[in-house]
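Visitor:
2 protein chains.
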Amino acid sequence: MKAKVRLYVDHPLGAGQTVGLSREQAHYLFAVMRLEAGDGVLLFNGEAGEWLAEVIVANKRNPVLECRTQTGPQVSPPDLWLLFAPIKKARTDFIVEKATEMGARRIVPVLTEFTNAERVKIDRLQAHAVEAAEQCGGTFVPKVAEPVKLANLLDMWPQERSLMFCNEALVGEDRKLAGTRGPWAVLIGPEGGFSDAERQRLSELSQAHAVSLGPRILRADTAAVAALTVWQTTHGDWQ
Amino acid sequence: MKAKVRLYVDHPLGAGQTVGLSREQAHYLFAVMRLEAGDGVLLFNGEAGEWLAEVIVANKRNPVLECRTQTGPQVSPPDLWLLFAPIKKARTDFIVEKATEMGARRIVPVLTEFTNAERVKIDRLQAHAVEAAEQCGGTFVPKVAEPVKLANLLDMWPQERSLMFCNEALVGEDRKLAGTRGPWAVLIGPEGGFSDAERQRLSELSQAHAVSLGPRILRADTAAVAALTVWQTTHGDWQ
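First to last, the sequence lines map onto chains A and B. Taken in order, the first sequence gives residues 83 to 321; the numbers are from the working numbering. Taken in order, the second sequence gives residues 83 to 321; the numbers are from the working numbering.
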């Protein structure tokens with residue numbers, strides 16, 4: 083039994099466990115991918131690794147899958163948050179997709195003084211994170227948090243969490259990340275840059291580390307991937 | 083005189099030099115951005131740095147700009163090629179945009195055995211590279227080369243150029259780039275992976291270095307930014 087499809091389900095997984103599907107998932111499996119009874123599907127729920135399940139009832143209304151064997155362990159990414167200022171819709175979607183592939187554990191839209199605060203649809207972003215996790219072979223889906231004002235977030239910043247922040251104005255400053263272990267966050271500045279007040283607040287935060295992303299100005303989605311690469315290769319699970 | 087617009091022009095630049103514009107550029111400056119005589123525009127041509135020019139004739143048919151002062155030196159990126167297997171249109175556009183921001187000098191679409199060879203429109207990709215260079219503040223536009231078969235490219239691979247290649251199957255292999263200086267290329271595998279023959283050929287190429295991009299599978303556009311970050315932070319102009 084080979085599987086052509088990988089699905090995230092919000093359901094317990096284990097040997098012999100039967101699993102239901104959402105209407106959209108059933109439509110995808112049976113109308114789009116035309117799976118039949120006896121076909122295999124890979125499932126993960128973010129906690130129990132990856133399981134090969136068999137289609138028992140290939141029915142769009144009451145589909146039933148049954149877990150057969152565990153095909154991979156649960157692998158959760160390091161304790162890394164990605165904070166970013168939402169930008170245009172398509173690029174915000176990209177940032178969530180890329181943060182998932184790159185192994186962020188939590189994705190937090192932050193509203194800065196220069197953020198053009200388009201309404202952020204958390205449900206849609208969370209769905210993008212699920213889809214990216216299904217595609218990238220991971221067994222973990224990062225949580226997309228409610229948007230928060232950067233100023234408020236910095237006021238209540240957790241003592242134990244280091245913060246790497248990136249901004250075009252930092253070219254030439256500290257380019258080496260300190261060797262601090264433990265939980266981290268990466269903050270991508272808005273395309274209009276941080277305000278003077280935000281810059282001041284960041285410089286006063288003892289957990290903050292400024293990092294340069296080279297001599298060219300990067301768009302926010304490019305900067306997110308580049309910054310996560312710098313972090314993963316120095317502190318994360320790419321080491 | 084401040085400038086709201088940055089334009090690439092295929093024209094000599096120097097003090098007192100007058101510069102014409104393409105029809106599209108004239109439309110953008112005078113119909114979209116509503117610039118008038120006396121307004122400033124930043125110009126670069128990929129060779130002569132960045133110049134502040136003044137609008138002399140704000141006319142869509144026969145516009146005239148005149149260079150005033152040089153506002154930045156010519157900065158060309160390191161001698162790095164990005165080779166990638168073309169994917170869906172939107173993501174191919176993204177790869178070209180991101181390679182420009184990340185400082186590739188040459189962008190080469192490569193056709194692999196598992197590339198779904200959609201027709202690659204070089205002119206459109208080159209226009210994306212120009213636009214990205216205008217946005218990212220660089221003074222250099224990478225050349226988008228004609229597509230070439232990977233097998234042919236490897237057969238005639240230049241002796242002096244090192245090649246970093248990335249592929250999901252390489253997890254756990256060599257993760258450190260050797261300290262080789264000189265010209266380099268980064269090769270992003272197709273989303274379907276390399277064929278066995280291609281993998282064999284790469285492993286026989288003495289200039290090739292395999293690099294892992296972590297435990298998750300990255301889409302080609304994510305992989306391009308991540309791989310260019312790894313290269314720029316170890317060998318390039320982010321060091």
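No residue lacks a Cβ here, since even glycine has one placed at the ideal position from N, Cα and C. Since the structure is predicted, the reported quantities are computational estimates derived from the model, not experimental observations.
Which runs of the alpha helix (DSSP H) fall wholly inside the stretch 193-252 of chain B and span at least 4 residues, in chain order?
Guide: Complete alpha helix (DSSP H) runs here, min 4: 204-218, 232-237.
Visitor: Nearest CA to the CA of B:Val-54: which residue from B:Ile-204, B:Cys-218, B:Gln-321, B:Glu-242?
Guide: This structure leaves residue 54 of chain B out entirely; chain B is present only between 83 and 321.
Visitor: Look up B:His-317 in the DSSP assignment and say whether it is helix, strand or coil.
Guide: Counted from its first residue, the second sequence places residue 317 of chain B at position 235. Coil at B:His-317, not helix or strand.
Visitor: In angstroms with no decimal places, state the Cα-to-Cα distance between A:Asp-121 and A:Ala-215.
Guide: For the purposes of this step, residue 121 of chain A is taken as residue 39 along the first sequence, with counting starting at 1. For the purposes of this step, residue 215 of chain A is taken as residue 133 along the first sequence, with counting starting at 1. Roughly 22 Å separates the two Cα atoms.
Visitor: Does DSSP put B:Phe-176 in a helix, a strand or coil?
Guide: Along the second sequence, one-based indexing puts residue 176 of chain B at 94. Three-state result, B:Phe-176: helix.
Visitor: For A:Arg-150, is the beta carbon positioned less than 6 Å from some heavy atom of the ligand NAD?
Guide: With respect to the ligand NAD, the structure offers nothing, as it holds no ligand at all.
Visitor: Can you check the stretch 113-187 of chain B for any alpha helix (DSSP H) of at least 4 residues that lies completely inside it and give the ranges in chain order?
Guide: Counting only runs of 4 or more, we get 171-184.
Visitor: Using the three-state DSSP reduction, which class does A:Thr-100 fall into: helix, strand or coil?
Guide: As a first step, residue 100 of chain A is located in the first sequence; it is residue number 18 there, counting from the start. Strand at A:Thr-100.
Visitor: Apply the 10 Å Cβ neighbour rule to B:Glu-183 and answer buried if 16 or more other Cβ atoms are within range, or exposed otherwise.
Guide: As a position in the second sequence, residue 183 of chain B is number 101, starting the count at 1. Classification of B:Glu-183: buried, given that the 10 Å Cβ count is 16 or more.
Visitor: Applying a beta-carbon distance threshold of less than 9 Å, which residues of chain B neighbour A:Pro-94?
Guide: Locating residue 94 of chain A in the first sequence gives position 12, where the first residue counts as 1. Neighbours of A:Pro-94 on chain B: none; closest Cβ ~24 Å, over 9 Å.
Visitor: Hey, is A:Ala-91's beta-carbon within less than 7 Å of any beta-carbon in chain B?
Guide: In the first sequence, counting from the first residue as 1, residue 91 of chain A sits at position 9. The sequence given here places Val at residue 91 of chain A; Ala does not occur at that position. False, the Cβ-Cβ gap to chain B never drops below 7 Å.
Visitor: From the DSSP secondary-structure annotation, give me the bridge partner or partners of B:Ala-292.
Guide: Stepping through the second sequence from its first residue, residue 292 of chain B is reached at position 210. Paired residue(s): B:Phe-247.
Visitor: State the CB to CB distance for the pair A:Ala-186 and A:Leu-207, rounded to an integer number of angstroms; the pair is presumed to be in contact (CB under 8 Å).
Guide: In the first sequence, the residue the question calls residue 186 of chain A occupies position 104. In the first sequence, the residue the question calls residue 207 of chain A occupies position 125. Contact doesn't hold; Cβ gap of about 12 Å is too wide.
Visitor: Using the C-alpha atoms, what's the distance from A:Asn-141 back to A:Glu-148?
Guide: Residue 148 of chain A sits at position 66 when you count from the first residue of the first sequence. Residue 141 of chain A sits at position 59 when you count from the first residue of the first sequence. Going by the C-alpha atoms only, they are around 14 Å apart.
Visitor: Beta carbon of B:Ala-167, beta carbon of B:Val-190: below 7 Å?
Guide: Locating residue 167 of chain B in the second sequence gives position 85, where the first residue counts as 1. Locating residue 190 of chain B in the second sequence gives position 108, where the first residue counts as 1. No; because the gap between Cβ atoms is not below 7 Å, this pair is not in contact.
Visitor: Taking the beta carbon of A:Met-115 as the centre, do at least 16 other beta carbons fall within 10 Å, making it buried, or is it exposed?
Guide: Looking up residue 115 of chain A in the first sequence gives position 33. Exposed is the call here.
Visitor: For the putative contact between A:Leu-287 and A:Leu-236, defined by C-beta atoms under 8 Å, what is the C-beta separation to the nearest angstrom?
Guide: Position 205 of the first sequence, counted from the first residue, corresponds to residue 287 of chain A. Position 154 of the first sequence, counted from the first residue, corresponds to residue 236 of chain A. Confirmed, about 6 Å.
Visitor: Between A:Val-268, A:His-93, A:Glu-132, A:His-291, which has its C-alpha nearest A:Thr-311's C-alpha?
Guide: Numbered from 1 along the first sequence, position 229 holds the residue referred to as residue 311 of chain A. When each option's Cα is compared against that of A:Thr-311, the closest is A:Val-268.
Visitor: So does the stretch 169-179 of chain B actually touch the stretch 118-134 of chain B, counting three or more Cβ pairs closer than 8 Å?
Guide: No contact exists between the stretch 169-179 of chain B and the stretch 118-134 of chain B.
Visitor: Output yes if chain A places a C-beta closer than 7 Å to the C-beta of B:Leu-162; else output no.
Guide: Taking the second sequence and counting its residues from 1, the one referred to as residue 162 of chain B is at position 80. Cβ-Cβ to chain A under 7 Å: no for B:Leu-162.
Visitor: Return no unless some Cβ of chain A is closer than 7 Å to the Cβ of B:Cys-218.
Guide: Residue mapping note: residue 218 of chain B aligns to position 136 of the second sequence, counting from 1. So yes, B:Cys-218 belongs to the interface.
Visitor: Measure how close the beta-carbons of A:Val-307 and B:Thr-304 come, nearest whole angstrom, since I'm counting them as under 8 Å.
Guide: Counting from one through the first sequence, the residue named residue 307 of chain A turns up at place 225. Counting from one through the second sequence, the residue named residue 304 of chain B turns up at place 222. Between B:Thr-304 and A:Val-307 the Cβ distance is about 6 Å, and since that is below 8 Å, they are a contact.
Visitor: How big is the Cα-Cα spacing for A:Trp-313 and B:Phe-247?
Guide: Mapped onto the first sequence, residue 313 of chain A falls at position 231. Mapped onto the second sequence, residue 247 of chain B falls at position 165. Going by the C-alpha atoms only, they are around 21 Å apart.
Visitor: The beta strand (DSSP E) spanning A:Leu-269 covers which residue range?
Guide: Here the question's residue 269 of chain A lines up with position 187 in the first sequence. It spans 266-270 - the beta strand (DSSP E) in which A:Leu-269 sits, taken as one unbroken run.
Visitor: In the DSSP assignment, find the alpha helix (DSSP H) that holds A:Arg-283 and state where it starts and stops.
Guide: Sequence index remark: in the first sequence, residue 283 of chain A carries index 201 (1-based). 278-286 is the span of the alpha helix (DSSP H), which, as asked, contains A:Arg-283.
Visitor: Could you give the DSSP three-state label for A:Glu-273: helix, strand or coil?
Guide: Here the question's residue 273 of chain A lines up with position 191 in the first sequence. Reduced to three states, the DSSP call for A:Glu-273 is coil.
Visitor: With a cut-off of 8 Å on the beta carbons, I'd call A:Phe-222 and A:Pro-159 a contact; round off their distance for me.
Guide: Looking up residue 222 of chain A in the first sequence gives position 140. Looking up residue 159 of chain A in the first sequence gives position 77. About 6 Å separates the two Cβ atoms, so the contact holds.
Visitor: State yes or no: is the beta carbon of A:Glu-129 nearer than 7 Å to at least one beta carbon in chain B?
Guide: The residue you call residue 129 of chain A lines up with position 47 of the first sequence. Chain B, which has no Cβ nearer than 7 Å to the Cβ of A:Glu-129, makes this no.
Visitor: List, in order along the chain, the chain A residues whose C-beta lies closer than 9 Å to that of B:Glu-286?
Guide: Residue 286 of chain B sits at position 204 when you count from the first residue of the second sequence. What B:Glu-286 touches in chain A: nothing, since even the nearest Cβ is about 27 Å away.
Visitor: Secondary structure at B:Val-190, three-state DSSP: helix, strand or coil?
Guide: Reading the second sequence from its first residue, position 108 is the one you call residue 190 of chain B. B:Val-190 falls in the strand class under three-state DSSP.
Visitor: Using the rule of at least 16 other Cβ atoms within 10 Å of the residue's Cβ for burial, across every protein chain shown, is B:Thr-262 buried or exposed?
Guide: Along the second sequence, read from residue 1 onward, the residue named residue 262 of chain B stands at position 180. Label assigned to B:Thr-262: exposed.
Visitor: Cutting at 7 Å between CB atoms, please list the residues of its own chain near A:Glu-118, excluding the five before and the five after it.
Guide: The residue labelled residue 118 of chain A in the question sits at position 36 within the first sequence. So the qualifying residues of the chain are Val-137, Ala-140.
Visitor: With 16 as the cutoff for other CB atoms within 10 Å, does A:Ser-244 come out buried or exposed?
Guide: Translated into positions along the first sequence, residue 244 of chain A becomes position 162. Buried, because 16 or more other Cβ atoms sit within 10 Å of the Cβ of A:Ser-244.
Visitor: Between A:Gln-314 and chain B, is any beta-carbon pair separated by less than 7 Å?
Guide: Reading the first sequence from its first residue, position 232 is the one you call residue 314 of chain A. Cβ-Cβ to chain B under 7 Å: yes for A:Gln-314.
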